[in-house]
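> Chains as they are written, first to last, in the numbering used here: chain A, 359 to 601; chain B, 359 to 601; chain C, 359 to 601; chain D, 830 to 1101; chain E, 830 to 1101; chain F, 830 to 1101. The beta-carbon is built from N, C-alpha and C at its ideal position, and this holds for glycine as well. Here the structure is a predicted model, which means the values were calculated and not measured. One structure follows; several queries about it will come next.
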Amino acid sequence: MGGRDTNIVLLDENGIRCDGRKVNETRKVTIKAGVLKNANGSAYIEFGDNKILVGVYGPRDVHPKHMSDTDTGILRCRYHMVPFSVEERKNPAPSRREIEISKVIKEALEPAVMLKEFPRTAVDVYMEVLQADGGSRCAALTGASVALADAGIPMRDLVAGCAAGKAADAIILDVNNEEDQAGQADLPIGYMPNLKKITLLQLDGVLTLEEYKQCIEIGIDGCNQVYEIQKKALQDKFFPSGE
Amino acid sequence: MGGRDTNIVLLDENGIRCDGRKVNETRKVTIKAGVLKNANGSAYIEFGDNKILVGVYGPRDVHPKHMSDTDTGILRCRYHMVPFSVEERKNPAPSRREIEISKVIKEALEPAVMLKEFPRTAVDVYMEVLQADGGSRCAALTGASVALADAGIPMRDLVAGCAAGKAADAIILDVNNEEDQAGQADLPIGYMPNLKKITLLQLDGVLTLEEYKQCIEIGIDGCNQVYEIQKKALQDKFFPSGE
Amino acid sequence: MGGRDTNIVLLDENGIRCDGRKVNETRKVTIKAGVLKNANGSAYIEFGDNKILVGVYGPRDVHPKHMSDTDTGILRCRYHMVPFSVEERKNPAPSRREIEISKVIKEALEPAVMLKEFPRTAVDVYMEVLQADGGSRCAALTGASVALADAGIPMRDLVAGCAAGKAADAIILDVNNEEDQAGQADLPIGYMPNLKKITLLQLDGVLTLEEYKQCIEIGIDGCNQVYEIQKKALQDKFFPSGE
Amino acid sequence: MSDGLIIDQLKKTQILELLQDGKRVDGRQFDEPRQLTIDIGVIPKAEGSARVRLGDTEVVAGVKIQPERPFPDTGDKGMLICTAEILPIAHPTAETGPPQPDVVELARVTDRGIRESGMLDMKQLVLEKDKSVIGIFCDNAVTDHDGNLFDACSYASTAAINSCKIPKYEMQDEKPVKIEGEFTEPPITTLPVSVTMAKIGDFILVDPTIEEWSIMDARITITSNSDGNVVALQKGGSDGFTQEELIKCAELSIKVGSKIREIIKQSKLRGN
Amino acid sequence: MSDGLIIDQLKKTQILELLQDGKRVDGRQFDEPRQLTIDIGVIPKAEGSARVRLGDTEVVAGVKIQPERPFPDTGDKGMLICTAEILPIAHPTAETGPPQPDVVELARVTDRGIRESGMLDMKQLVLEKDKSVIGIFCDNAVTDHDGNLFDACSYASTAAINSCKIPKYEMQDEKPVKIEGEFTEPPITTLPVSVTMAKIGDFILVDPTIEEWSIMDARITITSNSDGNVVALQKGGSDGFTQEELIKCAELSIKVGSKIREIIKQSKLRGN
Amino acid sequence: MSDGLIIDQLKKTQILELLQDGKRVDGRQFDEPRQLTIDIGVIPKAEGSARVRLGDTEVVAGVKIQPERPFPDTGDKGMLICTAEILPIAHPTAETGPPQPDVVELARVTDRGIRESGMLDMKQLVLEKDKSVIGIFCDNAVTDHDGNLFDACSYASTAAINSCKIPKYEMQDEKPVKIEGEFTEPPITTLPVSVTMAKIGDFILVDPTIEEWSIMDARITITSNSDGNVVALQKGGSDGFTQEELIKCAELSIKVGSKIREIIKQSKLRGN
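The structure is reproduced here in structure tokens:
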């Protein structure tokens, strides 16, 4: 990221970002739980211009059998972008980037899911990015937590996702696509607000130790905000206001 | 097909087609049954310039076991073109076109094969196109029926294949390569003459409802002609004229 | 090879080759046994500019089970070049050349390995070419024999590898990269010196019957020289001079 | 699998008995498709898009448009490619990995329906002959699978292409350069619409559900255009059709298709 | 597999006993290949073709010729690629899917026999240096498998290439354009012919059947050219050869090969 | 698998008890990496190379340099690609075939550490803007696996690139031509160094062995540059970190990384 070009003003003299936000403000996040008929649990999330559909199947049998575990359930995750989700049409086969993000999200969800409650079986989490913007892995993780809860999978906490970063020498919350491309650093975070644990953390770009600390601080704030929206989505599904 | 170019005269003022045929005339079809040593049944068919070798193996065990069915036999079909069969050398890996045609031919043969007679097992039908011309799927289907009968697989009927179509605004029988490229519609048909059922039907191109009816009518005529040649091939194999 | 270009002098008026060797001289060969921690047996061989690491695992269980044999052990071999081993960076996926060489080396080692001593199991021989020069298959075979012995696999003999060939109309021993590219013939040989059997033999290029006989003669000489270095490597490992 | 078959047999018997009384499981007429909802523009960053709900089957189609180098023999026409995939969220049996034959067939039938109808006048999509043409990629993603994906993908593709905006390009130094913010309408000539019918016993049912699909004897997908002509067709399944049935199916397809076409047209008007 | 091995052992014992009496199962001499029939021109649309029957083994080879852009370092030569595949019709054990190592070896040995012999003078196959050269693709399809595919593919390739017609091309605007109806003869310099021998016990058998193949100890394929030189070689199987055996095999290959070469020449004369 | 788990549990209990006494199984301090040895130039034919031994983990990195056509939007920069593969010689569980997710992650984290640090000034690696740039490929081959491949590949890549020689090219007729025997130094701006830490219970351990790796709760790899800044990071494993732990890990990474950086610098001096 160090040497990326920038022709756009990422932060103006009033501290306003290219999409009109303040440095510590997230994009608009909306989540709806239970949007698919066939899946055991599901969620649709819009996180800025990200539009992601998550479906959860399971707990269900594992084939081949020897991939299952008699002591614990297993979590399988697939983060996938449909061909029209990005600027230049994407090949539908999973890229190495998608394989890595799937693994990172899986390891971000595992601490939250009570896998021991469903030994011998698997829970599949499929995240389909219909339209991508900066921060799609945080958005997918956020949606996946809600879909898992919607499926009734026993969980210790929800995982909320939000990136921090650095652009125009300022520490910013919830990096969008332009800031990711032209900015200085992107630090996606996954956080369990009740357990106060960070379960997803990556970094692209250069940060001083001090900036790194600030990013984590502001990122946790963002996750806490996202967490409220997650809870609301589940409430709307299970206790609709009509009741 | 709507917009395909044509520099050749597909139909002259006397109603004669580019290869000298009348509109309701098939190309020359020759079939020989029992041409391979190892296969349980086989046939070699020349249908115009199509040259296709069909081998049938089975009924035989299915691996892996869980792909078999205790109530019925299964039919597996592979339509495949060798690299030198077409104008521009073909990659030997199966194309999406070959995968689709394999499926369509399988579903055209299934109504004719008494699958319940060989539960737990599979019959494999391999169609190898050595030289391709228009109508290779109908030719392959025609040859496959003969090869299945040659293998002694119990059958309700043979399936005969022949396309109808539209070129130079006329309804024609048995579309050749030039007519397929430069013509207006191609409607391949697979037909069981005794059971009077159409088991393969596809369409590329534009037809009015009336033309569609005419195509089916003329196509069934063509299949009936092909059927006679199929029966002759089996007769020559099992009751050679010397007897 | 018949028509290959040559701008370099492969053999000067004094019978000296482009790398300073005489016609019947091998390149420098050094072998070290037992170089890897995890492998059951291993060897590192430098054969001219070839640098090859061989690791042996087994005898060990075979998955899936039906690939094993209750009467005999099986040998599995993989000859593989790392991306930076050749002039132009190589794709890490195995090429058809690597698949063929793996098979040829496997069949060169099988006569030497007492497979019946470990029924139901497999021995895996992995040859990793870190830097390639002419004759890498002979070098890999030579190293593999040492690694198998290092792993304690029961063997009838070691297999030593060395190529003969023809360049500048002379019969030469141990063809290097330049001689392989610009020369007239390359005849890689694998030989069991005690059992006096040739277990690997291939040929690229044109030889008269007489030249062919000379190549085999000189090649066996080369293998005998390599064999001494193989034995030395095992001696150094199992009876270090300090004892 | 044997158990599965027994259940399928029972289900088939039950469905057949209902059909003999003139009834379908969900109460529809034999020639009545399920409720169809089309929303266009659901993927604003794509040049065209549509979400189709056909009963409980749901498909999202997105259109991406970019300049392409044409093939040597088609330098006077634009490029058009339609694909389809069944996302693993769509059904417990949907698989990731290379497409199975049924998905290959779905994609090719979807593509053929659009292509063979001549829906787009491809001659208008040339930037410079033999050098650069407009490429139109319409990808269908099945998100919920309750049967009859053929028709859902047909409607999603037609609606997405019908409502797309084609970015303007100019050739500069032999290369196509996008003119930001300028768009043209796609050169639509006709609106192809497929109608899929299942044959169960002697009954022909329009728009089968996944339940009807699982026990049908055969199926046929017939695509018609705005002029009421037949432009593409695909028979499937392990039985055959009589000549009379095929004519009836074509007539049904044209009749039902014309109503569907109106819904597609409406979706564009509503979207704009 | 164990059962298979026992049967193989019994078969081997039986075959060895016959060999000790100087007999092969099918009555041939040790140095006698099976009946060889070659028909050329069986695929008229291909630029060259041949169907080879070697006993009950059958191969069809087809030659396709088209202009190619040469690789950077070989711009002064045409391109030649031979391949081989075992069609699933050829044998109950033949597999579809990516080629197994034995098929990769078959294809590479077939290719090497043609290529290393210098059968074609590749320098004569250049349309414009570094820009465009003639590409010759010879694909072998095994249609019936009764052993010794190496030789059947060698004969089919040599016969198909020997009898092919090279379309004439002219460079126009830096692009090769085909002159319809004009052809030239291929620049043949020699006719390579492989002979494969099985070693069973201490016996060397020319042209093994699939039965002999299944129980042999080792095998060797030696290709010779019209001058009686050795041009390619491949040892296989789980045993080795003595130095004397290898010399005997080379002599056998040259001797038997010269007879095969005549049959290949005749096939061209008969075909024309 | 259940048996494996029980052994893992026992091992974990034992390791945890040791940690509570302030001890690691191999006697190291919590913040102490294993013995690190770096040899450069081990693959003389490659433009750069390094063999790294980190305890019993061993990696060989090779750098290949060749001119490349740049992507349309990055014509003013050279290309840099780092990869990693675990050779099957490295461990009994290592697999051949397409890379599993853990190997994909290893390769991408290795690449990101080099790339995001801006280790090379890519603007200096342009031969002709938009036409031809220098491509640098650094491939890591793991030859022995005793845990913490992330750091071993990081050190091997940094050492190999730091010590590579860039061949000189001149543009002739719009094509890059290599000037034999002339080289330039790579445009190094900083030396990135990763430090991986395992979390076991509440303990943070630098450079875990394969045994510690197998029972750890979570891990984090933090890459720092010569200025002591954080340039890349990857959390893994089935647990999370507290905010305080993450800050401690970053500090540890910078501290330990500066010592490692000296060893990398020394390896170049010793190699020249």
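#1: Cutting at 6 Å between CB atoms, please list the residues of its own chain near residue 888 of chain D, excluding the five before and the five after it.
#2: Using the Cα positions of residue 853 of chain F and residue 419 of chain B, report the straight-line distance between them to the nearest angstrom.
#3: For chain E, find out if any of its Cβ atoms is closer than 8 Å to the Cβ of residue 582 of chain B; answer yes or no.
#4: Below 8 Å CB to CB, which residues in the same chain sit around residue 417 of chain A once its five sequence neighbours on both sides are set aside?
#5: Determine the DSSP secondary structure at residue 929 of chain F, reduced to helix, strand or coil.
#6: Do residue 862 of chain E and residue 1060 of chain E count as a contact pair if the criterion is CB distance below 8 Å?
#7: Please name the residues in the region 561-578 of chain C whose beta-carbon is closer than 7 Å to at least one beta-carbon of chain E, in chain order.
#8: Please classify residue 560 of chain A as buried or exposed, where buried requires at least 16 neighbouring CB atoms within 10 angstroms.
#9: Got a sec: which bits of the region 447-460 of chain B sit with their beta carbon under 9 Å from any beta carbon on chain D, in order along the chain?
#10: Closer than 6 Å by C-beta to residue 601 of chain C: which residues in its own chain qualify, once you throw out the five before and the five after it? Chain order, please.
#11: Is residue 468 of chain B close to chain D? Criterion is C-beta to C-beta, closer than 8 Å.
#12: Could you tell me which whole alpha helix (DSSP H) segments of length 4 or greater appear in the region 1039-1075 of chain E?
#13: Would residue 998 of chain D and residue 949 of chain D be called neighbours here (beta carbons separated by less than 8 Å)?
#14: Please state the DSSP three-state secondary structure of residue 953 of chain F.
#15: May I ask you to list the residues that DSSP assigns as paired with residue 848 of chain F?
#16: Is the CB of residue 537 of chain C under 8 Å away from at least one CB in chain F?
#17: What beta strand (DSSP E) runs, 3 residues minimum, are completely inside the region 865-923 of chain F?
#18: In chain F, which residues lie with their C-beta within 8 Å of the C-beta of residue 502 of chain C?
#19: Please report the residue range of the beta strand (DSSP E) in which residue 400 of chain A lies.
#20: At a Cβ cut of 7 Å, what residues of the region 862-874 of chain D count as close to chain A, listed as they run along the chain?
#21: Kindly say whether residue 914 of chain E, judged by its beta-carbon, lies nearer than 8 Å to any beta-carbon of chain B.
#22: How about residue 554 of chain B: is its C-beta nearer than 8 Å to some C-beta of chain D?
#23: Taking only the alpha-carbon atoms, compute the straight-line gap between residue 831 of chain E and residue 427 of chain C and give it to the nearest angstrom.
#24: Would you mind working out which of A:519, A:541, A:572 and A:546 sits nearest residue 586 of chain A, comparing C-alpha positions?
#25: My assumption, with CB atoms under 8 Å, is that residue 574 of chain C sits in contact with residue 1075 of chain E. Please give the rounded CB distance.
#26: Between B:400, B:386 and B:557, which lies nearest to residue 917 of chain E when the distance is taken from Cα to Cα?
#27: Inspect the CB distances between the region 379-399 of chain C and the region 530-537 of chain C and report whether three or more fall short of 8 Å.
#28: DSSP beta-bridge partners for residue 997 of chain F?
#29: Let's test the definition: count the other Cβ atoms within 10 Å of the Cβ of residue 1026 of chain F and tell me whether it reaches 16, buried, or not, exposed.
#30: If we require 4 or more residues per run, which alpha helix (DSSP H) segments fall completely within the region 498-571 of chain C?
#31: Is there at least one Cβ from chain F nearer than 8 Å to residue 409 of chain C's Cβ?
#32: Can you pull the chain F residues whose beta carbon is under 9 Å from the beta carbon of residue 479 of chain A, in chain order?
#33: Checking contacts by CB at 8 Å: is residue 1001 of chain D closer than that to chain A?
#34: Could you tell me which of A:521, A:526, A:504 and A:579 sits nearest to residue 411 of chain A, measuring between CA atoms?
#35: Kindly identify the DSSP beta-bridge partner or partners of residue 967 of chain D.
#36: Under 8 Å, Cβ to Cβ, is there at least one residue of chain C near residue 891 of chain F?
Put simply:
#1: In the fourth sequence, counting from the first residue as 1, residue 888 of chain D sits at position 59. Taking C-beta separations shorter than 6 Å and ignoring five residues to either side along the sequence, the partners of residue 888 of chain D in its chain run 881, 969, 971, 981, 982 and 985, following chain order.
#2: Taking the sixth sequence and counting its residues from 1, one reaches residue 853 of chain F at position 24. Taking the second sequence and counting its residues from 1, one reaches residue 419 of chain B at position 61. Their Cα atoms are separated by approximately 56 Å.
#3: As a first step, residue 582 of chain B must be located in the second sequence, where it is residue number 224. Judged by the 8 Å Cβ criterion, residue 582 of chain B is not in contact with chain E.
#4: Within the first sequence, numbered from 1, the residue matching residue 417 of chain A stands at position 59. Answer for residue 417 of chain A: 431, 476, 479, 480, 481 and 511, listed in chain order.
#5: Mapped onto the sixth sequence, residue 929 of chain F falls at position 100. Of the three classes helix, strand and coil, the one that applies to residue 929 of chain F here is coil, per DSSP.
#6: In the fifth sequence, residue 1060 of chain E corresponds to position 231, counting from 1. In the fifth sequence, residue 862 of chain E corresponds to position 33, counting from 1. Their beta carbons are not under 8 Å apart, which means residue 1060 of chain E does not touch residue 862 of chain E by this criterion.
#7: 561, 562, 563, 564, 565, 566, 567, 570, 571, 574 and 578
#8: Numbered from 1 along the first sequence, position 202 holds the residue referred to as residue 560 of chain A. By the beta-carbon neighbour count (other beta carbons within 10 angstroms, threshold 16), residue 560 of chain A is buried.
#9: 454, 455, 457, 458 and 460
#10: Within the third sequence, the letter at position 243 stands for residue 601 of chain C. Interpretation of residue 601 of chain C is limited by its pLDDT of 48, a score under 50 that renders its predicted location unreliable; the figure taken from the coordinates is listed afterwards. Excluding sequence neighbours, residue 601 of chain C sits near nothing in its chain.
#11: The residue given as residue 468 of chain B occupies position 110 in the second sequence. Taking Cβ atoms only, chain D reaches closer than 8 Å to residue 468 of chain B, which makes this a yes.
#12: 1039-1044
#13: By 1-based counting over the fourth sequence, the position of residue 998 of chain D is 169. By 1-based counting over the fourth sequence, the position of residue 949 of chain D is 120. No, the pair does not count as a contact, with Cβ atoms beyond the cut-off.
#14: Stepping through the sixth sequence from its first residue, residue 953 of chain F is reached at position 124. Helix, per DSSP.
#15: The residue given as residue 848 of chain F occupies position 19 in the sixth sequence. Paired residues: none, contrary to the question.
#16: Taking the first residue of the third sequence as 1, we reach residue 537 of chain C at position 179. For residue 537 of chain C, not one C-beta of chain F is nearer than 8 Å to its own C-beta.
#17: 865-869, 877-883, 886-897 and 908-915
#18: Taking the first residue of the third sequence as 1, we reach residue 502 of chain C at position 144. Result: empty, since nearest Cβ-Cβ is about 11 Å, beyond 8 Å.
#19: Stepping through the first sequence from its first residue, residue 400 of chain A is reached at position 42. Residues 399-405.
#20: 872 and 874
#21: As a first step, residue 914 of chain E is located in the fifth sequence; it is residue number 85 there, counting from the start. Judged by the 8 Å Cβ criterion, residue 914 of chain E is in contact with chain B.
#22: Your numbering for residue 554 of chain B matches position 196 in the second sequence. By this cut-off, residue 554 of chain B is an interface position.
#23: On the fifth sequence, position 2 is the one that residue 831 of chain E refers to. On the third sequence, position 69 is the one that residue 427 of chain C refers to. The pLDDT assigned to residue 831 of chain E is 47, lower than 50, so where the model puts this residue is not dependable, and the model offers no usable value.
#24: Walking along the first sequence from the start, residue 586 of chain A turns up at place 228. Among A:519, A:541, A:572 and A:546, the Cα nearest to that of residue 586 of chain A belongs to A:519.
#25: Walking along the third sequence from the start, residue 574 of chain C turns up at place 216. Walking along the fifth sequence from the start, residue 1075 of chain E turns up at place 246. So it is a contact: roughly 6 Å between Cβ atoms.
#26: Along the fifth sequence, one-based indexing puts residue 917 of chain E at 88. In this structure, B:400 is the residue among B:400, B:386 and B:557 with its C-alpha nearest to the C-alpha of residue 917 of chain E.
#27: yes
#28: Within the sixth sequence, the letter at position 168 stands for residue 997 of chain F. Its beta-bridge partners are F:1008.
#29: The residue you call residue 1026 of chain F lines up with position 197 of the sixth sequence. It is buried - the Cβ of residue 1026 of chain F has at least 16 other Cβ atoms within 10 Å.
#30: 535-540
#31: Start at 1 with the first residue of the third sequence, and residue 409 of chain C comes out as number 51. Output row for residue 409 of chain C: interface = yes.
#32: If you number the first sequence from 1, residue 479 of chain A lands on position 121. Within 9 Å Cβ-Cβ: nothing; residue 479 of chain A doesn't reach chain F, min ~14 Å.
#33: Taking the first residue of the fourth sequence as 1, we reach residue 1001 of chain D at position 172. Not one chain A Cβ lies under 8 Å of residue 1001 of chain D.
#34: By one-based count along the first sequence, residue 411 of chain A stands at place 53. For the set A:521, A:526, A:504 and A:579, the Cα lying nearest the Cα of residue 411 of chain A is the one of A:504.
#35: The sequence position of residue 967 of chain D within the fourth sequence is 138, counting from 1. Answer is D:892 and D:911, bridged to residue 967 of chain D.
#36: The residue labelled residue 891 of chain F in the question sits at position 62 within the sixth sequence. So yes, residue 891 of chain F belongs to the interface.
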